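Chains as they are written, first to last, in our numbering: chain U, 1 to 413; chain Z, 1001 to 1413.
All residues carry an ideal CB built from backbone N, CA and C; glycine is no exception.
Remember, predicted model here, so these are calculated numbers, not experimental data.
2 protein chains.
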Amino acid sequence: MNDASPIRSASAPATRPAFARWLATTNDVTRTFLSAGRIPGLINMAGGLPAPETYPAAELAALAQQAIAQHPQDTLGYGPIEGLPDLRDALAARFSTPTLRLSRDNVLITTSGMQGLDLIGKVLLEQGGLIAGQFPTYLGALDAWKPHSPRFRNLRFDEPDFDPLAALAGAQFAYTVPNFSNPTGRLVGLPMRHALVDAAHATGTWLVEDDPYGTLHYDAAPLPRMIELSGLKGHGASYDGPIVYMGTLSKEIAPGLRIGWVIAAPEMIGALTMAKQGSDMCTSGVTQRIALAALESGLVERMQPVIVNLYRERRDALCTALAEHLEDWFAWEVPVGGMFVWAVARDPLLDTDRLLPLAIEAGVCITPSSVFDASGQYRRAIRINFTLNPPDRLAEGVRRLAGAVQMMSRQRS
Amino acid sequence: MNDASPIRSASAPATRPAFARWLATTNDVTRTFLSAGRIPGLINMAGGLPAPETYPAAELAALAQQAIAQHPQDTLGYGPIEGLPDLRDALAARFSTPTLRLSRDNVLITTSGMQGLDLIGKVLLEQGGLIAGQFPTYLGALDAWKPHSPRFRNLRFDEPDFDPLAALAGAQFAYTVPNFSNPTGRLVGLPMRHALVDAAHATGTWLVEDDPYGTLHYDAAPLPRMIELSGLKGHGASYDGPIVYMGTLSKEIAPGLRIGWVIAAPEMIGALTMAKQGSDMCTSGVTQRIALAALESGLVERMQPVIVNLYRERRDALCTALAEHLEDWFAWEVPVGGMFVWAVARDPLLDTDRLLPLAIEAGVCITPSSVFDASGQYRRAIRINFTLNPPDRLAEGVRRLAGAVQMMSRQRS
């Protein structure tokens, strides 16, 4: 044994190579959220977590047993990188419409919706590539693309002179969450959906339609997906347009399955498949077969109204409590879907990065707006989740938050 | 509806942004292997596939049912990015030795061993970063790092003047598969293990010890892991050295679980965790809990001799058939472990890239050496898998391969 090597001991690791530069600029907010559940008594209104009581555990346990026993090769062996053919077929059928013709070749199974975002970065971004995106935007998307040090162009839908053609031209891709965007809960209306689709067709820019919340609509029927509007232009041909539609079972059944999908032109599916080959080779056949059984058995369909009714009640409870305790400090719109209320401080100088530690001390966790902004500069708003907690906990969380806001106000004055 | 947009139709997608450059240089060999199983009658000796008859489907089906029913939150919710604490503890205990002290903080659960390779590239490689590696090497590792366009330095263990210090100095990391390397089946001996560990400690260069085949040893007890040798230098402290050990359940139980792990210094685990956050957020709790149950119930331990005895018999059958049919054309060493025989053509001008289509036409698939070489230039050898097929199929495959070699020889003369 060479225990007495004089050169260097394990306890003095001074000369290790530097980590890649992007790591120095990243945040650990998601990690904080995922572990916030362990602080005793804390009311977690920060993360985008489903209500665990909606997980159909008994049904999924039975489906898992059957999936492995009846399909040992599909579940336990290596599978095709693109995903199990039966699951790809089922998703192609699920998202086809009279004007959107999809086949297996339009579908890639991903290991969670997050992996779809990672793969799109791998296939489209060189270092410093340009992304056109809504801001504030999904923190996980910023995380996924950070290693490529992208530049961002803000899609300012609200401005009267917004020009979709100019906004998309020259970008590697545009990123949107048209249904109940994370963090703002915003719904992109039908005219803007048409305008974006037209601009994507005209410029050639890929338009990512990230849709994890599409089934969580509380007040009205969902609007047509942008990929459906794009399909209209194909005159009945198999889909080959510029929309890259992403979905997940995380909000419809359970995030622990880590099953997502990308629906896009075969050319894009082929490129993403090459990227997936070098990322995790293939998605677990166990979770794919459970997902397929959950779709085929009607479990996913049966769950949807149950989840929607529960979350609608919680949204209303949160908004009632906010009106009671925080109306002097914050303004918000009641979201028509999704998982979040986006509350903007009436005082433009209120710094929600400073509010966070006071809120945690008061026993409630929310998300400050800075993490949803690529520049980290926007500090005036907070994102409040309403899906995880029952109404009484939401009300108590808002009372605690109001206490933290008043404490910060006293500190400032 | 804006169906008649004059600007551009979906059927003329001419101006789409370019895909990232690395995609133009990648291969689809892995994809070909994974789908080769669908060609009727083809004997697939190309991929690194386990014998499906070893998958303990009934046991895993029962464990899956219990995992979800008994641990609905662990299996169905979002979990910690690093992995379930109980599984991290179990792996820390499994790989601890009297001289290697591991805790949960040394362990990251990955969605397959492949993901560990992707993450190490994300945290250590800038564009054009330097990797010191054995060549030929694992194709999947080359795939994982291709988006970073790395430079490679060849670790020439066999050369008498090989200098480990010079070989590691200045590299972002060194990559080795010391146990029965893919593709060569080569075992790195104890003196070289010590020399590499010493060099990693002296230079600070991270040394990746990728060990998917460690339990597949047919002729002798396994050698100490390099991370154990590195642990010796820590004098009983928690592990903080430069070895990054990677493993997987793919060869011990079933690849469909997509469960792997990285064991390393907490600093490295922290960096990899940030990269995993943006890659797939967390590994499926369903497959993590099945893996934990397979470890805790003793299933993994019970499977090991069953698998080893089956694969030893197949290795011997392949080598016997090779000696009978291909000894005039190829030379090889009988591997002491792993899944492959590496056969080098006696004729230095024999081009195994040209042999592949003839072999497939003859009804057998093997892997040409070019894919294991970052430069793609080494075309003299083939990798032959012996784990997937029973002895009679292996013998028939070798007969078909000999026919293809003879046909190529006739074409050349």
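Residue i, buried or exposed, once every other Cβ within 10 Å from all chains shown has been counted against 16
i          : result
Asn1106(Z) : buried
Asp347(U)  : exposed
Arg302(U)  : exposed
Asn1309(Z) : exposed
Gly189(U)  : exposed
Gly1236(Z) : exposed
Phe1019(Z) : buried
Leu1409(Z) : As written in the sequence, residue 1409(Z) is Ser, which differs from the Leu given in the question. So Ser1409(Z) counts as exposed.
Glu82(U)   : buried
Thr1273(Z) : buried
Ala1331(Z) : exposed
Met1001(Z) : Confidence is the limiting factor: at Met1001(Z) the pLDDT is only 35, short of 50, which leaves the residue's position unreliable, though a coordinate-based value still follows. The residue is exposed, with fewer than 16 neighbouring Cβ atoms inside 10 Å.
Ala221(U)  : exposed
Thr1015(Z) : exposed
Val306(U)  : exposed
Thr1416(Z) : Given a span of 1001 to 1413 for chain Z in the structure shown, any question on residue 1416(Z) remains unanswerable.
Listed by chain order, chain U residues near residue i by CB distance under 9 Å
i          : result
Val1286(Z) : Leu60, Ala64, Ala254, Gly256, Leu257, Arg258, Ser284, Val286, Thr287 and Ile290
Tyr1138(Z) : Per Cβ cutoff of 9 Å: no residues; Tyr1138(Z) is ~11 Å from chain U at best.
Ala1271(Z) : Phe19, Ala20 and Leu23
Residues that residue i contacts on chain Z, provided the C-beta gap is smaller than 9 Å
i         : result
Asp163(U) : Ordered by position in chain Z, no residue passes the 9 Å Cβ test against Asp163(U), which lies about 14 Å from the chain.
Trp206(U) : Arg1016 and Pro1017
Leu245(U) : The question names Leu, yet the displayed sequence has Tyr at residue 245(U). Under the 9 Å cutoff, chain Z gives no residues; its nearest Cβ is about 14 Å from Tyr245(U).
Spatial distance of residue i from residue j (CA atoms)
i          : j          : result
Gly209(U)  : Ile263(U)  : In the sequence under discussion, the amino acid at residue 209(U) is Glu, which differs from the Gly named in the question. C-alpha separation (whole angstroms): 10 Å.
Arg1101(Z) : Met1114(Z) : 25 Å
Leu1023(Z) : Gln1411(Z) : 34 Å
Gly1338(Z) : Glu313(U)  : 57 Å
Leu1322(Z) : Leu207(U)  : 53 Å
Tyr55(U)   : Gln1377(Z) : 52 Å
Phe976(Z)  : Arg1225(Z) : This structure leaves residue 976(Z) out entirely; chain Z is present only between 1001 and 1413.
Arg1400(Z) : Ser1413(Z) : 20 Å
Ile1253(Z) : Ala1291(Z) : 9 Å
Asp280(U)  : Thr1111(Z) : 7 Å
Ala1367(Z) : Pro1183(Z) : Residue 1367(Z) is actually Thr in this sequence, not Ala. If I take the Cα positions, the gap works out to 9 Å.
Ala93(U)   : Gly247(U)  : 14 Å
Ala1317(Z) : Asn1385(Z) : 12 Å
Leu326(U)  : Ala343(U)  : 10 Å
Ala1271(Z) : Pro98(U)   : 47 Å
Phe162(U)  : Ala171(U)  : 16 Å
Gly363(U)  : Gly397(U)  : 8 Å
Closest residue to residue i among the options (Cα-Cα distance)
i          : options                                           : result
Thr1283(Z) : Arg312(U), Arg151(U), Ser250(U) and Met268(U)     : Ser250(U)
Pro1212(Z) : His1194(Z), Phe1180(Z), Asp1351(Z) and Arg1314(Z) : Phe1180(Z)
Phe340(U)  : Tyr245(U), Thr137(U) and Gly116(U)                : Thr137(U)
Glu267(U)  : Ile120(U), Leu84(U) and Pro52(U)                  : Ile120(U)
Pro1017(Z) : Val123(U), His71(U), Leu91(U) and Ala254(U)       : Val123(U)
Phe134(U)  : His148(U), Pro160(U), Ala174(U) and Ser112(U)     : The sequence shown places Gln at residue 134(U), rather than the Phe named in the question. Selected option, being the one with the closest Cα: Ala174(U).
Ala1169(Z) : Ala1199(Z), Met1192(Z) and His1194(Z)             : Ala1199(Z)
Phe1372(Z) : Gly1083(Z), Asn1044(Z) and Asn1154(Z)             : Asn1154(Z)
Ala1402(Z) : Phe1386(Z), Pro1390(Z), Leu1355(Z) and Pro1391(Z) : Leu1355(Z)
Leu1394(Z) : Ala1051(Z), Ile1039(Z), Thr1015(Z) and Thr1025(Z) : Ala1051(Z)
Leu1165(Z) : Pro1080(Z), Gly1185(Z), Gly1204(Z) and Ala1141(Z) : Gly1204(Z)
Ile43(U)   : Pro390(U), Phe330(U), Gln406(U) and Val405(U)     : Pro390(U)
Met407(U)  : Ser375(U), Ala171(U), Pro335(U) and Ile360(U)     : Ile360(U)
Thr1176(Z) : Glu1159(Z), Asp1163(Z), Val1197(Z) and Pro1160(Z) : Val1197(Z)
Trp1329(Z) : Leu1139(Z), Val1405(Z) and Ile1259(Z)             : Val1405(Z)
Ala1058(Z) : Gly363(U), Gln66(U) and Leu108(U)                 : Gln66(U)
Gln1304(Z) : Leu1087(Z), Leu1232(Z), Leu1216(Z) and Ala1294(Z) : Leu1216(Z)
Under 7 Å from the C-beta of residue i: neighbouring residues of chain Z
i         : result
Thr75(U)  : Gly1256
Val123(U) : Phe1019, Ala1020 and Leu1023
Contacts of residue i in chain U (Cβ-Cβ under 8 Å)
i          : result
Pro1072(Z) : Pro52, Tyr55 and Ala57
Arg1021(Z) : Glu126
Residue i: contacting residues in chain U (beta-carbon distance under 7 Å)
i          : result
Ile1366(Z) : Simply none; closest approach about 18 Å.
Thr1466(Z) : Residue 1466(Z) falls outside the range modelled here, since chain Z spans only 1001 to 1413, and no answer is possible.
Ala1069(Z) : Ala57, Ala58 and Ala61
Ala1144(Z) : Gly278
Proximity test, residue i beta-carbon vs the ligand MG heavy atom, cut-off 7 Å
i         : result
Phe162(U) : The ligand MG is not among the ligands present in this structure, which contains no ligands whatsoever.
**OP:** Could you tell me which uninterrupted beta strand (DSSP E) segments, each at least 3 residues in length, are contained entirely in the stretch 1292 to 1369 of chain Z, listed from first to last along the chain?
**Re:** The stretch 1292 to 1369 of chain Z contains these whole beta strand (DSSP E) runs: 1330 to 1332 and 1340 to 1345.
Original post:
Which ranges would you report for the alpha helix (DSSP H) in the stretch 1133 to 1212 of chain Z if only whole runs of at least 4 residues count?
Top reply: As far as the stretch 1133 to 1212 of chain Z is concerned, its whole alpha helix (DSSP H) runs of at least 4 residues are 1139 to 1145, 1164 to 1168 and 1190 to 1203.
Original post:
At which residue ranges does the stretch 103 to 136 of chain U contain complete beta strand (DSSP E) runs of 3 or more residues, listed in the order of the chain?
Top reply: Given a length threshold of 3 residues, each whole run of the beta strand (DSSP E) inside the stretch 103 to 136 of chain U is given here in chain order: 107 to 110 and 130 to 133.
Original post:
Considering only residues of the stretch 229 to 302 of chain U, which uninterrupted beta strand (DSSP E) runs meet the minimum length of 3 residues and lie entirely inside it, listed in chain order?
Top reply: Here the runs fully enclosed are 243 to 248 and 260 to 263.
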